[in-house]
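Chemist:
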Amino acid sequence: GAKAIIAQYKDEIVSVEIAVTVELNIAETEPGIQGDRVSGARKPATLETGKVIQVPLFVNIGDRVKVDTRSGEYITRV
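FYI, my numbering numbers position 53 of the sequence shown as 63, with every residue one higher than the one before it.
(1) Just to confirm before moving on: does the CB-CB distance between residue 55 and residue 65 stay below 8 Å?
(2) What does a CB cutoff of less than 6 Å around residue 26 pick up in its chain, not counting 5 residues either side in sequence?
(3) Does DSSP classify residue 59 as helix, strand or coil?
(4) From the DSSP secondary-structure annotation, give me the bridge partner or partners of residue 17.
(5) Can you give me the C-alpha to C-alpha distance between residue 73 and residue 18, rounded to a whole angstrom?
(6) Measure the C-alpha to C-alpha separation of residue 29 and residue 84 and round it to an integer number of angstroms.
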């Protein structure tokens, strides 16, 4: 359901702009650690798309997270 802006010139696509952030579900990660929100420690997590990103320790399977499409980095849990 992501939206994109596609620019065309003479029936040729010349550019595609996607949203700066997307919301995706965590498909796989190690169990979360309750209460560890400020240490800055991270763990790998696989998104529903298959991409692996680094997330805070409190993020769990099934959580929905916001990801920056430019850097591929975790922004926040939503």
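We treat Cβ as the ideally placed atom computed from N, Cα and C, and that holds for glycine. As the structure is a computational prediction, the values presented were derived from the model and not from experiment.
Modeler: The structure says:
(1) A distance below 8 Å separates the beta carbons of residue 55 and residue 65.
(2) Around residue 26: 14, 16.
(3) The three-state reading of DSSP puts residue 59 in coil, since its state is none of H, G, I, E or B.
(4) The bridge partners DSSP lists for residue 17 are 25.
(5) Going from the Cα of residue 73 to the Cα of residue 18 covers about 37 Å.
(6) Taking the straight line from one Cα to the other gives about 15 Å.
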